[in-house]
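Student: Dropping the structure in here first, questions after.
There are 2 protein chains.
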Amino acid sequence: MNRMKAEEKKETGADSTTLKKKREGRARSLSSFARGLMEECKRLGLNVEAERAVVAVSGGADSTALLLALDELVKAGHVTLDVMVAHLDHGLRGEAGAEDARWVAELAAAHGFKSLIGCADVGARAALSVDNLEQAARRARYEFLVGAASKFKARFVLAAHTMDDQAETVLLRLMRGSGAEGLGGIETVRALDQESGALLVRPLLGWARRAQTEEYCMERGVVARIDSMNVDERFARVRVRRSLLPLMTSFNGRVVEALARTASLLRDDDAALCSFAERLLEEASAGATGEDESEADERAAFDASGSSALRVDVLREAPRGLLRRALRLWIARGRGDTRRLELVHLRGVEALLEGERGGRSALLPGGAKVYRKRGWIHLLTKRVEKGAAPV
Amino acid sequence: MNRMKAEEKKETGADSTTLKKKREGRARSLSSFARGLMEECKRLGLNVEAERAVVAVSGGADSTALLLALDELVKAGHVTLDVMVAHLDHGLRGEAGAEDARWVAELAAAHGFKSLIGCADVGARAALSVDNLEQAARRARYEFLVGAASKFKARFVLAAHTMDDQAETVLLRLMRGSGAEGLGGIETVRALDQESGALLVRPLLGWARRAQTEEYCMERGVVARIDSMNVDERFARVRVRRSLLPLMTSFNGRVVEALARTASLLRDDDAALCSFAERLLEEASAGATGEDESEADERAAFDASGSSALRVDVLREAPRGLLRRALRLWIARGRGDTRRLELVHLRGVEALLEGERGGRSALLPGGAKVYRKRGWIHLLTKRVEKGAAPV
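Dropping the structure here:
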């Protein structure tokens, strides 16, 4: 960084041709890590000119490397992002957590970035909710970042997940028997929340290995922080990182890249099937041609009670991979979420579609149920059941 | 088995009510392994009455258990399959291989089944082909089973792959970065070959663990053979079985079941996407509405040279997961196979679809190529290139 600053000074008096040459020279002299980041931003079509971005920095090697590479790109004039560093102290590690927070604030300041340091009591939050500690920490962090993005009017929130994080996520979900929607792993770009229009972007996910972030921090002479929770073998993710992935690497030296490729392929599959599932739902919601008036009235009464109805004959024709996604989407819309909804519940609903017999129902977690009446299935949410539902 | 035979004798003089009662009693007294097999046959809708079936028996615990369970079901009158045991000596283990063959023939005879023992020189086959030893062995075994089914006029070939085999297959493919088509793993039921109409069925795959097959052999007092290649750690599959799966079991005690569930979900996804890909190909092959006569003529000349053509505008609209399968299918049809066709080649073809510029091509392995001319892509196989292809 000091070298960069020195060059900056020397340039002040040079003419424009010399300046251009220097800039080109500087592009060539970018570190390969910063170049990797720049190329990924281009590939993702991110506008890195005159935008405001929040960068989530824990102080570990991954997020420190991301921040240092952004610093390199800003100083070299390749991006003109207005950066704010955001760090949340989860309140789980006492003084060590507070030290990390101070360290991150100083790192930001030393590179001329603003910073926002937040505090949460994740332990207390976890105790009060159904979430475990990891889930509560993730939720607190996410809420903090949404707040930071809103406060800073940021267009992007950048998070430093690497290809190693992706591989770990794929394996954790695989060991639970996930389908494509889970095995697709972490998304590279997604909407941060429903309202703000901001994007959550992971510009290291598609190409950077964790070892590269560590090397790059070393190159820059920065000793990143070590989070004791990242080496705590009570966490499954830590054991995946320290035992499972090394064993898998003995089968294929590039297994992390292979897992990331699988994730990307399955994300594409899931996206395609979800868009077809949307169409299937539309088709299955349309009035049946053979329906008589009393049937239509009865169905309307069901629907008015807060649920929507789907045609059994249309659903039955759909391939299983599509049907399952359509049912999941339908339930998500009716209930507002898919919490605790598992394959076994969807299979229960699928079983309702078999045969000609109505008057059967399948229970969903949290008290909702799907009821088959003649050629239709109806979703009855808990709220409706308490009222005057026709069941 | 001896107990069963004794019961059979006693029954001869009994009246029909007694007979029926005895049969019910016998159903209850079926081993849980044989009951599992019977339930799976029902679930798969296999007709196990008066059909001829070839059972592939290596002599290992899995296939021995399958044969013994069939014996139990036949003796108890639950199935009336006419069974022929088929065993191939791969010629890779000298006298040990010959001993296994004799052992299987004796096991079959002892239970009143016909048997067919084949010999192959897999080592020589592998040396003469591009296949490695495992691939050559699989190919030889498959050809032998096709021949056995045809000779015996069998409706089914039963193979004893277990849920553990499925889990191993999923992991081996995952470590290579496969998509859903690979991670779907082994199929439970598929056509044995193009012509015969016979089915290859794996009636243990969906439910039986390898340990269950070993326990059942013990229960029946049969000591199954141990194939030295099944404990040879030079084979990746053996290391998956002996190192990787045990480690994964420390994360989830039912990880084998979880992997099998993932495989089943991804098979469904792949089947749905493949059927949509077929439709996409049809749509993309239909004549463009805006095409003028000279363009249509030129395209027909391309097509007559042995390739078919697809419309860029139609393909470009398709989601990636669908497009990739459509291109793979199109290439498979044009070339006759998808050997050595990798993701990187498909990505090369996908790149041709971008922009408005024609006159570009993407190479495929084995000398074929895809050529874009205006709004169409054409597949030129090697055979065509040698002739008078218009490129």
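For the protein sequence lines, the chains are Y and Z, in the order given. Take 218 as the starting number for the first sequence in the numbering used here and just add one per residue. Take 218 as the starting number for the second sequence in the numbering used here and just add one per residue. Note that CB positions come from ideal geometry on N, CA and C, so glycine has one too.
1) Within 10 angstroms of its Cβ, does Met465 of chain Y collect 16 or more other Cβ (buried), or is it exposed?
2) Using Cβ-Cβ distances below 8 angstroms, what residues of the region 395-408 of chain Y are close to chain Z?
3) Within the continuous alpha helix (DSSP H) that includes Phe361 of chain Y, where are the two ends?
4) Run down chain Z in chain order and give the residues with a C-beta less than 8 angstroms from the C-beta of Gly538 of chain Y.
5) Tell me the DSSP bridge mates of Ala270 of chain Y?
6) Do three or more CB pairs link the region 479-499 of chain Z to the region 334-354 of chain Z at distances below 8 angstroms?
7) Give me, in chain order, the residues of the same chain whose beta-carbon lies closer than 7 angstroms to that of Lys370 of chain Y; leave out the 5 immediate sequence neighbours on both sides.
8) What is the C-beta distance between Arg415 of chain Z and Ala366 of chain Z, in whole angstroms, given that I count them as a contact (C-beta under 8 angstroms)?
9) Tell me the DSSP secondary structure of Val440 of chain Y in three-state form.
10) Is the separation between the beta-carbon of Gly335 of chain Z and that of Leu309 of chain Z shorter than 9 angstroms?
11) Can you give the Cα-Cα distance for Gly423 of chain Z and Thr386 of chain Z, rounded to whole angstroms?
12) Looking only at its own chain, which residues have a Cβ that is under 8 angstroms from the Cβ of Arg407 of chain Y, when we skip the five neighbours before and after it?
13) I want to see whether chain Z comes within less than 9 angstroms of Ala475 of chain Y, judged by CB atoms only; does it?
14) Quick one: Cα of Arg574 of chain Y to Cα of Trp593 of chain Y, how far?
15) Based on Cα-Cα distance, which residue from Y:Ala494, Y:Glu450 and Y:Val587 lies nearest to Arg564 of chain Y?
16) Since Trp176 of chain Y is in the beta strand (DSSP E), which residue starts that stretch and which ends it?
17) Let's test the definition: count the other Cβ atoms within 10 Å of the Cβ of Gly576 of chain Z and tell me whether it reaches 16, buried, or not, exposed.
18) Give the single residue among Y:Glu500, Y:Val272, Y:Arg533 and Y:Arg437 whose Cα lies nearest to the Cα of Ala322 of chain Y.
19) Is it buried or exposed for Ser395 of chain Y, if we count other Cβ within 10 angstroms and need 16 for buried?
20) What are the boundary residues of the alpha helix (DSSP H) that includes Ser249 of chain Z?
21) Between Phe361 of chain Y and chain Z, is any beta-carbon pair separated by less than 9 angstroms?
22) Counting only beta-carbon atoms, is Ala231 of chain Y nearer than 9 angstroms to chain Z?
23) Starting from Thr598 of chain Y, find everything on chain Z with Cβ-Cβ shorter than 9 angstroms and list it in chain order.
24) Does DSSP put His595 of chain Z in a helix, a strand or coil?
25) Starting from Val587 of chain Z, trace the beta strand (DSSP E) in both directions and tell me its first and last residue.
26) Within a Cβ cutoff of 7 angstroms, which residues of the same chain sit near Arg358 of chain Y, ignoring the five residues on either side of it in sequence?
27) Between the region 374-396 of chain Z and chain Y, which residues of the former have CB atoms less than 7 angstroms from a CB of the latter, in chain order?
28) Alpha carbon to alpha carbon, how far is Leu254 of chain Z from Tyr433 of chain Z? Give it in angstroms, no decimals.
29) Which residues, taken in chain order from the region 436-466 of chain Y, show a beta carbon closer than 8 angstroms to some beta carbon of chain Z?
30) Can you find a CB in chain Y that lies within less than 9 angstroms of the CB of Asn469 of chain Z?
31) Answer with buried or exposed for Ile403 of chain Y, where buried requires no fewer than 16 other C-beta atoms within 10 angstroms of its C-beta.
32) For Thr502 of chain Z, collect the residues of the same chain with a Cβ closer than 7 angstroms to its Cβ; drop the 5 residues on either side in sequence, then sort them by chain order.
33) Can you check DSSP and say which residues form a bridge with Val406 of chain Z?
34) Spatial neighbours of Asp288 of chain Y within its chain, please: C-beta separation below 6 angstroms, excluding the five flanking residues on both sides.
35) Leaving out the 5 sequence neighbours to the left and right, which residues in its chain are closer than 6 angstroms to Thr229 of chain Y when beta-carbon positions are compared?
36) What is the DSSP secondary structure of Leu498 of chain Y, counted as helix, strand or coil?
Tutor: In short, the structure shows the following:
1) Along the first sequence, one-based indexing puts residue 465 of chain Y at 248. Buried, by the Cβ-count rule.
2) Ser395, Gly396, Ala397 and Leu400
3) Indexing the first sequence from 1 puts residue 361 of chain Y at position 144. First-last of the alpha helix (DSSP H) with Phe361 of chain Y: Leu350 to Phe369.
4) Stepping through the first sequence from its first residue, residue 538 of chain Y is reached at position 321. Within chain Z, the residues near Gly538 of chain Y are Leu482, Asp485, Asp486, Asp487, Ala488, Ala489 and Leu490.
5) On the first sequence, position 53 is the one that residue 270 of chain Y refers to. Paired residue(s): Y:Val300 and Y:Phe373.
6) no
7) Within the first sequence, residue 370 of chain Y is the residue found at index 153, counting from 1. Within the same chain, Lys370 of chain Y has close Cβ partners Arg269.
8) For this step, residue 415 of chain Z is matched to residue 198 along the second sequence. For this step, residue 366 of chain Z is matched to residue 149 along the second sequence. Residue 415 of chain Z is actually Ala in this sequence, not Arg. Rounded, the Cβ-Cβ distance is 5 angstroms, consistent with contact.
9) The residue labelled residue 440 of chain Y in the question sits at position 223 within the first sequence. Three-state DSSP puts Val440 of chain Y in coil, outside helix and strand.
10) Locating residue 335 of chain Z in the second sequence gives position 118, where the first residue counts as 1. Locating residue 309 of chain Z in the second sequence gives position 92, where the first residue counts as 1. Their beta carbons are not under 9 angstroms apart, which means Gly335 of chain Z does not touch Leu309 of chain Z by this criterion.
11) By one-based count along the second sequence, residue 423 of chain Z stands at place 206. By one-based count along the second sequence, residue 386 of chain Z stands at place 169. Cα to Cα, Gly423 of chain Z sits roughly 14 angstroms from Thr386 of chain Z.
12) Within the first sequence, numbered from 1, the residue matching residue 407 of chain Y stands at position 190. Leu416 and Leu417, listed in sequence order.
13) One-based indexing of the first sequence puts residue 475 of chain Y at position 258. Judged by the 9 angstroms Cβ criterion, Ala475 of chain Y is in contact with chain Z.
14) In the first sequence, the residue the question calls residue 574 of chain Y occupies position 357. In the first sequence, the residue the question calls residue 593 of chain Y occupies position 376. When rounded, the distance between both Cα atoms is 11 angstroms.
15) Position 347 of the first sequence, counted from the first residue, corresponds to residue 564 of chain Y. Measuring from the Cα of Arg564 of chain Y, the nearest candidate turns out to be Y:Val587.
16) The displayed coordinates of chain Y run from 218 to 608. Any statement about residue 176 of chain Y would go beyond what the structure contains.
17) Indexing the second sequence from 1 puts residue 576 of chain Z at position 359. So Gly576 of chain Z ends up on the exposed side.
18) Indexing the first sequence from 1 puts residue 322 of chain Y at position 105. Of Y:Glu500, Y:Val272, Y:Arg533 and Y:Arg437, the residue nearest in Cα terms is Y:Val272.
19) Here residue 395 of chain Y corresponds to residue number 178 of the first sequence, with the count starting at 1. So Ser395 of chain Y ends up on the buried side.
20) Position 32 of the second sequence, counting from 1, holds the residue named residue 249 of chain Z. First-last of the alpha helix (DSSP H) with Ser249 of chain Z: Ser249 to Arg260.
21) On the first sequence, residue 361 of chain Y is found 144 positions in, with the first residue counted as 1. No, Phe361 of chain Y does not count as interfacial toward chain Z.
22) The residue you call residue 231 of chain Y lines up with position 14 of the first sequence. Here Ala231 of chain Y scores only 48 on pLDDT, less than 50, and its place in the model should not be relied on; the value that follows carries that caveat. Judged by the 9 angstroms Cβ criterion, Ala231 of chain Y is not in contact with chain Z.
23) For the purposes of this step, residue 598 of chain Y is taken as the residue at position 381 of the first sequence. Here the premise fails: no neighbours, minimum Cβ distance about 26 angstroms.
24) Within the second sequence, the letter at position 378 stands for residue 595 of chain Z. If DSSP states are grouped into helix, strand and coil, His595 of chain Z belongs with the strands.
25) Here residue 587 of chain Z corresponds to residue number 370 of the second sequence, with the count starting at 1. Looking at the DSSP string, the run of the beta strand (DSSP E) that includes Val587 of chain Z is Lys586 to Lys590.
26) Position 141 of the first sequence, counted from the start, is the residue given in the question as residue 358 of chain Y. Excluding sequence neighbours, Arg358 of chain Y sits near Leu305.
27) Leu391, Met392, Arg393, Gly394, Ser395 and Gly396
28) On the second sequence, residue 433 of chain Z is found 216 positions in, with the first residue counted as 1. On the second sequence, residue 254 of chain Z is found 37 positions in, with the first residue counted as 1. Those two C-alpha atoms are separated by around 12 angstroms.
29) Ala453, Arg456, Val457, Ser460, Leu461, Leu464 and Met465
30) Taking the first residue of the second sequence as position 1, residue 469 of chain Z is located at position 252. So yes, Asn469 of chain Z belongs to the interface.
31) Numbered from 1 along the first sequence, position 186 holds the residue referred to as residue 403 of chain Y. With 16 or more Cβ atoms within 10 Å of its Cβ, Ile403 of chain Y is classed as buried.
32) Here the question's residue 502 of chain Z lines up with position 285 in the second sequence. The residue asked about is misnamed: residue 502 of chain Z is Ser in this sequence, not Thr. Once the five neighbours on either side are set aside, the close Cβ partners of Ser502 of chain Z are Ser525 and Leu527.
33) Locating residue 406 of chain Z in the second sequence gives position 189, counting from the first residue. Z:Val418, per the DSSP bridge assignment.
34) Your numbering for residue 288 of chain Y matches position 71 in the first sequence. Around Asp288 of chain Y: His328.
35) What you label residue 229 of chain Y is simply residue 12 of the first sequence in a count that begins at 1. Because Thr229 of chain Y carries a pLDDT of 44, less than 50, the predicted location of this residue cannot be relied on, and the following value inherits that uncertainty. Nothing meets the Cβ criterion.
36) Counting from one through the first sequence, the residue named residue 498 of chain Y turns up at place 281. If DSSP states are grouped into helix, strand and coil, Leu498 of chain Y belongs with the helices.
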